[in-house]
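Notes follow the structure.
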Amino acid sequence: MTSCCDLPSRISLNHHLYSSGVPDKLRHLINDIARAGKYVHHAIRSSDLGLAGSENQFGEEQLKLDLLSNKIIKEELCESRLVHGYASEEEAVFQELVPDAPFTVVFDPLDGSSLVDCNLAIGSIFGVYKKGDVVGRKPSDQLAALYLVYGPRTILVYSAGKGVHAFFLNEVGEFVLLQRNLTMRDEVKTYSPGNLRAVKDTPAYRKMMNHWLDEAHTLRYSGGMVPDIHHMLIKGAGIFTNIGGSKYPKGKLRLVFECGPFAYIMEQAGGAASNGHKAIMDIKIEEVDQRTPLIIGAKSEVKRVSEVLNV
Ligand code: F6P
Ligand code: MN
Numbered sequence: 000m001t002s003c004c005d006l007p008s009r010i011s012l013n014h015h016l017y018s019s020g021v022p023d024k025l026r027h028l029i030n031d032i033a034r035a036g037k038y039v040h041h042a043i044r045s046s047d048l049g050l051a052g053s054e055n056q057f058g059e060e061q062l063k064l065d066l067l068s069n070k071i072i073k074e075e076l077c078e079s080r081l082v083h084g085y086a087s088e089e090e091a092v093f094q095e096l097v098p099d100a101p102f103t104v105v106f107d108p109l110d111g112s113s114l115v116d117c118n119l120a121i122g123s124i125f126g127v128y129k130k131g132d133v134v135g136r137k138p139s140d141q142l143a144a145l146y147l148v149y150g151p152r153t154i155l156v157y158s159a160g161k162g163v164h165a166f167f168l169n170e171v172g173e174f175v176l177l178q179r180n181l182t183m184r185d186e187v188k189t190y191s192p193g194n195l196r197a198v199k200d201t202p203a204y205r206k207m208m209n210h211w212l213d214e215a216h217t218l219r220y221s222g223g224m225v226p227d228i229h230h231m232l233i234k235g236a237g238i239f240t241n242i243g244g245s246k247y248p249k250g251k252l253r254l255v256f257e258c259g260p261f262a263y264i265m266e267q268a269g270g271a272a273s274n275g276h277k278a279i280m281d282i283k284i285e286e287v288d289q290r291t292p293l294i295i296g297a298k299s300e301v302k303r304v305s306e307v308l309n310v
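Each residue of the sequence shown is one higher than the last, beginning at 0 in numbering that gives the first Met the number 0.
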């Protein structure tokens, strides 16, 4: 017998999690993170911009948006009661919350926050592990990963090991299914070359860049990794790089907060993510703030870029 719950006219995030068989506690946690995302969405739209250190009408000091987002997310994780501890890009040390809770959450509360005053898209990135510190573990130990991209629309993309699914935040404040099973083809079409200043002292990177120019691929680079990688996932093709150079010898992006969650999502979509030598998913976390080069996107192109960079 079918019930009215089987065929809803719109599929909410909770319904999708439930009907995909995501375990209850993880489902509740993802819903709690999504709620935090709604408050960040609201903060981005309603806060005064560029007024760090200034006072609001009540004489209280205003927080910059990245710190405010960190505070919002921390409070929601605390309220969830499912989070043993967390590590945030804004704090970079493991913080314990509820000793007997089952999960650890790692997050970048507001990636690309320097793009806010230009009104470009920005995002929040999350990875979920079993409880305990993440040092000594690998991104492949994640149980789920998700991100929110705050652009003209706010979109949430999650994977809990059963494909990658996108939701948009509707006007009544619910995440509603937009696209299920985002899938990467083995195709390039667009390229997003981050930290391009590294071509100055990395001839192989210049070679890669020239190859993409010669192939007449389309450049798609906003300077925010969330919208830039989201673009590839939605189009189902592309390559994104952010490799080291003299300014950031070990790479600019963080393994735990940025590359690990995206590697999990990209692999779930059928793409790949590497540091040029090793899959991001297999890199041991030595410290919470660890940096890594990142080559992410269509599988064969990740392999080809890695080979060119290693010559
Ligand atoms: O957090 C780092 C970040 O803002 C990413 O979102 C983005 O991909 C990267 O920096 C841009 O780096 P670059 O300006 O070196 O290309
Ligand atoms: Mn960041």
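Backbone N, C-alpha and C fix where the C-beta goes; we use that ideal spot for every residue, glycine too.
Inter-residue Cα distance where the pair is residue i and residue j
{"i": "Ile121", "j": "Ser45", "result": "15 Å"}
{"i": "His40", "j": "Asp23", "result": "25 Å"}
{"i": "Leu96", "j": "Lys129", "result": "14 Å"}
{"i": "Met207", "j": "Ile294", "result": "12 Å"}
{"i": "Met231", "j": "Ser191", "result": "9 Å"}
{"i": "Glu306", "j": "Tyr38", "result": "43 Å"}
{"i": "Thr217", "j": "Gly223", "result": "17 Å"}
{"i": "Asn69", "j": "Ser112", "result": "12 Å"}
{"i": "Met118", "j": "Ile233", "result": "At residue 118 the sequence reads Asn, which differs from the Met that was named. Each residue's alpha carbon lies about 21 Å from the other."}
{"i": "Asp31", "j": "Ala297", "result": "31 Å"}
{"i": "Ile154", "j": "Glu74", "result": "21 Å"}
{"i": "Ile29", "j": "Arg303", "result": "35 Å"}
{"i": "Leu114", "j": "Leu177", "result": "26 Å"}
{"i": "Asn13", "j": "Glu89", "result": "28 Å"}
{"i": "Ile43", "j": "Gly36", "result": "10 Å"}
{"i": "Asp132", "j": "Ser2", "result": "42 Å"}
Residue i: CB within 6 Å of a non-hydrogen atom of the ligand F6P
{"i": "Gly126", "result": "no"}
{"i": "Asn194", "result": "yes"}
{"i": "Gly296", "result": "no"}
{"i": "Gly237", "result": "no"}
{"i": "Met224", "result": "yes"}
Of the residues the options, the one placed nearest residue i, counting alpha carbons only
{"i": "Gly235", "options": "Gly269, Glu214, Ser68, Val21", "result": "Gly269"}
{"i": "Ile242", "options": "Ile233, Asn30, Lys199", "result": "Lys199"}
{"i": "Leu195", "options": "Lys277, Lys251, Glu306, Glu257", "result": "Lys251"}
{"i": "Thr189", "options": "Leu181, Asp213, Glu257", "result": "Asp213"}
{"i": "Ala215", "options": "His230, Val187, Arg205, Arg26", "result": "Val187"}
{"i": "Asn169", "options": "Ala33, His229, Val255, Gly222", "result": "Ala33"}
{"i": "Gln267", "options": "Arg205, Leu308, Ala159, Ser221", "result": "Ala159"}
{"i": "Pro292", "options": "Pro248, Arg303, Leu28, Phe102", "result": "Pro248"}
{"i": "Leu64", "options": "Leu81, Leu145, Gly135, Tyr149", "result": "Tyr149"}
{"i": "Ser299", "options": "Ile238, Arg290, Lys73", "result": "Ile238"}
{"i": "Pro98", "options": "Lys37, Pro108, Tyr85, Asp107", "result": "Tyr85"}
{"i": "Pro108", "options": "Ser123, Asn118, Gln94, Gly275", "result": "Ser123"}
{"i": "Phe256", "options": "Lys73, Ala35, Ser2, Asp110", "result": "Asp110"}
{"i": "Pro138", "options": "Gly244, Val301, Asn274", "result": "Asn274"}
{"i": "Thr182", "options": "Tyr220, Pro101, His229, Asn30", "result": "His229"}
{"i": "Leu142", "options": "Val301, Ala42, Phe102, Asn309", "result": "Phe102"}
{"i": "His210", "options": "Leu114, Leu76, Leu308, Ser68", "result": "Leu308"}
{"i": "Ala144", "options": "Ile154, Val127, Val133", "result": "Val127"}
{"i": "Leu16", "options": "Ala297, Val163, Ile284, His83", "result": "Val163"}
{"i": "Gly193", "options": "Val171, Val175, Lys246", "result": "Lys246"}
{"i": "Leu25", "options": "Leu76, Leu66, Ser2", "result": "Leu76"}
Residues near residue i by beta carbon distance below 6 Å, same chain, minus five either side
{"i": "Arg184", "result": "Gly235, Ala236"}
{"i": "Arg152", "result": "Phe167"}
{"i": "Tyr146", "result": "Gly122, Ile124, Val156, Val225"}
{"i": "Ala197", "result": "Tyr204, Ile242, Gly244"}
{"i": "Cys258", "result": "Leu252, Ile279, Thr291, Leu293"}
{"i": "Asp140", "result": "Tyr128"}
{"i": "Arg179", "result": "His164"}
Any non-hydrogen atom of the ligand MN within 6 Å of residue i CB
{"i": "Asp31", "result": "no"}
{"i": "Asp311", "result": "Look at the range of the chain in this structure, 0 to 310, and you will see that residue 311 is not part of it."}
{"i": "Asp107", "result": "yes"}
{"i": "Asp288", "result": "no"}
{"i": "Asp65", "result": "no"}
{"i": "Asp110", "result": "yes"}
Cβ shell of residue i (< 8 Å), same chain only, five flanking positions each side left out
{"i": "Gly20", "result": "Lys161"}
{"i": "Phe57", "result": "Because the pLDDT of Phe57 is 48, which lies under 50, any placement of that residue in the model is unreliable, and the question is left without a value."}
{"i": "His27", "result": "Ser79, Leu81"}
{"i": "Val301", "result": "Ile238, Gly270, Ala271, Ala272, Ser273, Ile294, Ile295"}
Same chain only: Cβ atoms within 7 Å of residue i, ignoring 5 sequence neighbours per side
{"i": "Gly173", "result": "The amino acid occupying residue 173 in the given sequence is Glu; Gly does not appear at that position. Contacts found: Ser11."}
{"i": "Pro288", "result": "Pro is not the amino acid found at residue 288; the sequence shown has Asp there. Closer than 7 Å at the Cβ level, and outside the excluded window around Asp288, lie Ala91, Arg253."}
So, do the stretch 244-263 and the stretch 272-284 have three or more beta carbon pairs nearer to each other than 8 Å? yes
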